[in-house]
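These notes are about the structure you will find just below.
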Amino acid sequence: MKITLVKKVLADGSLCGKCRDVQERLEAKGHLSLIDRTLIADVRDPQSAGITIARQYKVERAPFFIVEREGQEAEIYTIYAKFAKEVLQPAGRL
Numbered sequence: 123m124k125i126t127l128v129k130k131v132l133a134d135g136s137l138c139g140k141c142r143d144v145q146e147r148l149e150a151k152g153h154l155s156l157i158d159r160t161l162i163a164d165v166r167d168p169q170s171a172g173i174t175i176a177r178q179y180k181v182e183r184a185p186f187f188i189v190e191r192e193g194q195e196a197e198i199y200t201i202y203a204k205f206a207k208e209v210l211q212p213a214g215r216l
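Under the working numbering, think of the first position of the sequence shown as 123, with each following residue one higher.
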């Protein structure tokens with residue numbers, strides 16, 4: 123399983139509020155190490171990796187998670203609680 127976290131950077135260079143919250147939750151629970159890669163959707167750069175992948179998956183909110191399992195279509199999670207319940211908890215990671 124491969125997990126990608128996409129976070130949004132605002133025009134002033136700061137992380138969006140929800141992105142900060144999710145980052146803090148991941149750190150507090152020791153789950154940040156489970157994230158394979160983090161991409162930044164920088165509103166100042168329409169070609170940033172995060173914006174490009176958001177377009178690819180037709181996601182308009184940040185933060186979001188992309189969960190890729192071998193032989194399956196990628197799953198997109200835009201709600202941290204659902205991601206934690208469906209991805210982290212079944213894997214015995216909560």
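Glycine residues also receive a C-beta, built at the ideal position from the N, C-alpha and C atoms.
All of these numbers come straight from a predicted model, not from anything done at the bench.
For K207, DSSP records no beta bridge to any residue.
A direct Cα-to-Cα measurement between D167 and L161 gives close to 13 Å.
When DSSP states are grouped into helix, strand and coil, I162 belongs to the strand group. Taking a C-beta distance under 8 Å as the contact criterion, C138 and A184 qualify as a contact pair. Here K124 is bridged, per DSSP, to E190. Shown here for K130: same chain residues with a beta carbon closer than 6 Å to its own, the five before and five after excluded, namely C138, C141, A163, A184 in chain order. Residue state for I198 is assigned as strand, using DSSP reduced to three classes.
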